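Chemist:
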Amino acid sequence: MSAIQYLFAFNGVVKREFWRFIQQRSRFLSALVRPLLWLVVFASGFRAALGVAIIPPYETYITYETYIAPGLCCMILLFNGMQSSLSMVYDREMGSMKVLLMSPIPRGWLLVSKLLAIALISLLQVYAFLAIAWLAGVEPPVIGLLTALPALVLVALLLGSIGLFLSARIRQLENFAGVMNFVIFPMFFLSSALYPLWKMRESSEWLYWICQYNPFTHAVELVRFALYQQLNIQALAITLGCTTLFTVLAIISFNPERSARSGPPKG
Amino acid sequence: MSTPSLEIKSVTHRYGSRVALESVDITLQPGQFNALLGPNGAGKSTLFALLTRLFKLQQGEILFGGLSINREPRLFLSHMGVVFQQNTLDLDLTVLQNLEYHGALHGLSTREIRARAEQELEWLGLKDRSHDRVRALNGGHRRRVEIARSLLHRPSILLLDEASAGLDVASRQAINGAVRDLCAQRGLTVLWATHILEEVKTSDPTIILHKGKVLAQGIGQALCDDQNAQSIGELFEHLTGTTGQAA
């Protein structure tokens, strides 16, 4: 297999993700509605209760909406990453996973292609959200929208790789509800997405430390700083390290035998 | 160039303590329609999963053109087309999109895939359905799409696992006929797994698999003569003690 054939395979995986995405317009809408609800409804209600002090990367007092915007961008990436795990389990149950497994292109490359495809689709949704958020008064520096791009790509890869790793562990489609309860919600709420960690520390020291060990916290901080043209080295190192770890784990955990056993009884 | 041979040597596969295949030895006749006949639960799908490398080989050897498929897995996969018993098409994509995805996974360019897809779909009578969603196709047409897809990368071996299962008699005969034409016209080696006796001709190289063991292997007529059977059905009943399924 030559390099050009690897690129053709990558192109095929990306195109399929886009085709599926276009077929599922409601997925795009729900991906936007969820963070917008948080931004418009939740933030309005909690603005007064959760005052935010001046903390890096911000140089002045900011509205609560501005504070949670990076976290909501990451929320889109988080849900999309988990959605990818759902689609992998669906492909496995429906049998279409076998097409991927029968490819002569190495599975590691195909999984990385899938991750990048998920990231590309997620980014479209994040920027659509940022455009609407702009209308709601969340106005990060325009250049920040560009400097945040690499951070968003890395976070999308991190959350996609966690999703792929989980998909190797989920036995049935029905178990996805468990992912919601045990992965998405704890990851999101035990992070700095909705409140700065010093606030969390004021109420609970041990919760603060759980948040500190949550890779999603560092993903949010990476995006928050990048939106304001700053680099949070610690957040970058942790996000990069976790992305590498989960990508490797996803590739190792990918078990073709589970796909072969899916579907109706055979002869 | 002659079609590379496929040999399965002393292959045993277990699911825990249950033996699914036991010392299976099979040699496919290159460029011919080889029938793998066995009732449900005979081990056909397990054999397919091993051939397609979805299962790891536990014991024994599978040789393709004299080379172990464990040594040259990618070469083997690039030479093999497969139609599984279970649907493996993405129902929400169009026929052409399904083919494009498969072709890309075999390292083909979009232009090359489209040219080949047009050719295969025309041959299978589905050219005018290429932009239809697979969900809109009936079972027979879906099977044809799977066959078209399995041929896109120009394999030298085609494996079909109960490819006609669940179809009406006319669709079943049409698909069986189309695959036989493939052998004749393109020199493909075909392994056609089925439990339907009428799909096997006495002139076919035939393998009878039952409870994970190969009970007989050879040209159907010769096997019938050996067992004093008048038909493949009688041979099958004599060897397995089951009647198989008529069309």
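Going line by line, the protein sequences match chains E and G.
The numbering of the first sequence is our numbering, which starts it at -1 and goes up by one.
The numbering of the second sequence is our numbering, which starts it at 2 and goes up by one.
For glycine and all other residues, C-beta sits at the position ideal for the given N, C-alpha and C.
Note that this is a predicted model, so its numbers are computed, not measured.
#1: Which residues mark the beginning and the end of the beta strand (DSSP E) in which Trp193/G is found?
#2: Which residues of chain E have a Cβ atom closer than 7 angstroms to the Cβ of Phe85/G, listed in chain order?
#3: Quickly, what does DSSP pair Tyr16/G with across the bridge? List them, please.
#4: Write down the C-beta distance between Leu70/E and Phe19/E rounded to the nearest angstrom, noting that I regard them as a contact closer than 8 angstroms.
#5: If the criterion is Cβ atoms closer than 9 angstroms, does the pair Ala115/E and Arg14/E meet it?
#6: Please name the residue in Arg54/G, Leu29/G and Phe34/G whose C-alpha comes closest to that of Arg105/E.
#7: Run through DSSP, which three-state label would Ile164/E get?
#8: State yes or no: is the beta carbon of Leu76/G nearer than 9 angstroms to at least one beta carbon in chain E?
#9: Which one of Arg143/G, Leu240/G and Leu58/G has the shortest CA to CA distance from Ser24/G?
#10: Would you verify that the beta carbon of Phe6/E is, or is not, closer than 9 angstroms to some beta carbon of chain G?
#11: What are the residues of the segment 98 to 115 of chain E that lie near chain G, defined by any Cβ-Cβ distance shorter than 9 angstroms?
#12: Determine the closest residue to Gly104/G out of Ile182/E, Pro54/E and Tyr4/E, with distance taken between C-alpha atoms.
#13: From Ala224/E to Tyr193/E, what does the alpha carbon distance come to, in whole angstroms?
#14: Short of 7 angstroms in beta carbon distance, which residues of its chain neighbour Phe77/G, apart from the five on each side in sequence? Order them along the chain.
#15: For chain E, find out if any of its Cβ atoms is closer than 9 angstroms to the Cβ of Arg150/G; answer yes or no.
#16: For the segment 35 to 55 of chain G against the segment 7 to 17 of chain G, do three or more pairs of beta-carbon atoms, one drawn from each stretch, fall closer than 8 angstroms, so that the two count as touching?
#17: Could you please give the first and the last residue of the uninterrupted alpha helix (DSSP H) stretch that includes Phe34/G?
#18: Restricting to Cα atoms, I'd like to know which of Glu219/E, Ala248/E and Ile208/E is closest to Ile236/E.
#19: Ignore the nearest five residues each way along the sequence and tell me which others in Asp205/G's own chain have a CB closer than 6 angstroms to its CB.
#20: Using the beta-carbon of each residue, which ones in chain G are nearer than 7 angstroms to Arg18/E?
#21: If I follow the unbroken beta strand (DSSP E) through Asp227/G, where does it start and stop?
#22: Select from Leu162/E, Pro138/E, Thr245/E and Tyr88/E the residue whose C-alpha is nearest the C-alpha of Pro55/E.
#23: Assuming contact is defined by CB atoms lying nearer than 9 angstroms, are Leu198/G and Phe237/G in contact in what I supplied?
#24: What distance in whole Å lies between the Cβ atoms of Gly108/G and Ile103/E, which are believed to be in contact at a cut-off of 8 angstroms?
#25: Among the candidates Gly234/G, Ala230/G and Gly213/G, whose CA atom is the shortest distance from the CA of Tyr16/G?
#26: What separation, rounded to the nearest whole angstrom, lies between the Cα atoms of Gln112/G and Gln120/G?
#27: According to DSSP, simplified to helix, strand and coil, what is Ala154/E?
#28: Checking 9 angstroms against the spacing of the C-beta atoms, do Lys96/E and Val83/G come in under that value?
#29: Would a C-beta distance cut-off of 9 angstroms place Leu234/E and Ala149/E closer than the cut-off?
#30: Less than 9 angstroms between the C-beta atoms of Thr207/G and Ser94/E, yes or no?
#31: Could you check whether the Cβ of Gln21/E sits closer than 9 angstroms to any Cβ belonging to chain G?
#32: Rounded to whole angstroms, how far is the Cβ of Ala149/G from the Cβ of Leu183/G, which I believe are closer than 8 angstroms?
#33: Excluding the 5 residues flanking Asn329/G on each side, which residues of the same chain have their C-beta closer than 7 angstroms to its C-beta?
#34: His132/G CB to nearest chain E CB: under 9 angstroms?
#35: Does the separation of the CB atoms of Thr215/E and Ser159/E fall below 9 angstroms?
#36: Go ahead and pull the three-state DSSP assignment for Met81/G.
Modeler: Quick look at the numbers:
#1: For Trp193/G, the enclosing beta strand (DSSP E) has its first and last residue at Thr190 to Thr195.
#2: Chain E residues near Phe85/G: Gly93 and Lys96.
#3: For Tyr16/G, the pairing in a beta bridge is given by DSSP as Arg19/G.
#4: Contact annotation, Leu70/E with Phe19/E: C-beta distance approximately 20 angstroms; criterion of less than 8 angstroms not satisfied.
#5: Yes, Cβ-Cβ distance for Ala115/E and Arg14/E is below 9 angstroms.
#6: Ranking Arg54/G, Leu29/G and Phe34/G by Cα distance to Arg105/E puts Arg54/G first.
#7: Residue identity differs from the one stated: residue 164/E is Leu in this sequence, not Ile. Leu164/E sits in a helix when the DSSP states are folded into three classes.
#8: Closer than 9 angstroms: yes.
#9: In terms of Cα proximity to Ser24/G, the closest of Arg143/G, Leu240/G and Leu58/G is Leu58/G.
#10: Output row for Phe6/E: interface = yes.
#11: For the segment 98 to 115 of chain E, which is checked against every Cβ of chain G, the residues closer than 9 angstroms are Leu98, Leu99, Met100, Ser101, Pro102, Ile103, Pro104 and Leu108.
#12: Cα-wise, what sits closest to Gly104/G is Tyr4/E.
#13: Here the C-alpha atom of Ala224/E lies approximately 18 angstroms from the C-alpha atom of Tyr193/E.
#14: Phe65 and Ile70.
#15: Between Arg150/G and chain E, the shortest Cβ-Cβ separation is below 9 angstroms.
#16: Verdict: yes, contact present.
#17: From DSSP, Phe34/G is part of no alpha helix (DSSP H) but of the beta strand (DSSP E) over Phe34 to Leu38.
#18: Selected option, being the one with the closest Cα: Glu219/E.
#19: Apart from sequence neighbours up to five positions away, the residues of its chain that approach Asp205/G with a beta-carbon distance below 6 angstroms are Phe34, Ala36 and Gly221, ordered along the chain.
#20: In chain order, Asp93 make up the part of chain G whose C-beta sits under 7 angstroms from the C-beta of Arg18/E.
#21: Counted as a single uninterrupted DSSP element, the stretch harbouring Asp227/G is not any beta strand (DSSP E) but the alpha helix (DSSP H) occupying residues Gly221 to Asp227.
#22: Ranked by Cα distance from Pro55/E, the first of Leu162/E, Pro138/E, Thr245/E and Tyr88/E is Pro138/E.
#23: A Cβ-Cβ contact shorter than 9 angstroms links Leu198/G with Phe237/G.
#24: Indeed they touch by this definition, with Cβ atoms about 6 angstroms apart.
#25: With distances taken between Cα atoms, Tyr16/G lies closest to Gly213/G.
#26: Note on identity: in this sequence residue 112/G is Arg, with Gln being the wrong assignment. Their backbone Cα atoms lie some 13 angstroms apart in a straight line.
#27: Three-state result, Ala154/E: helix.
#28: Contact flag set, yes.
#29: Ala149/E is positioned such that its CB atom lies closer than 9 angstroms to that of Leu234/E.
#30: With a cutoff of 9 angstroms on beta-carbon distance, Thr207/G and Ser94/E are scored as not near each other.
#31: By the rule that beta-carbons nearer than 9 angstroms mark a contact, Gln21/E touches chain G.
#32: Ala149/G to Leu183/G, Cβ: 11 angstroms. No contact.
#33: A question about residue 329/G goes unanswered here, because the residues of chain G that appear run from 2 up to 248.
#34: Cβ-Cβ to chain E under 9 angstroms: no for His132/G.
#35: No, the Cβ-Cβ distance between Thr215/E and Ser159/E is not below 9 angstroms.
#36: If DSSP states are grouped into helix, strand and coil, Met81/G belongs with the strands.
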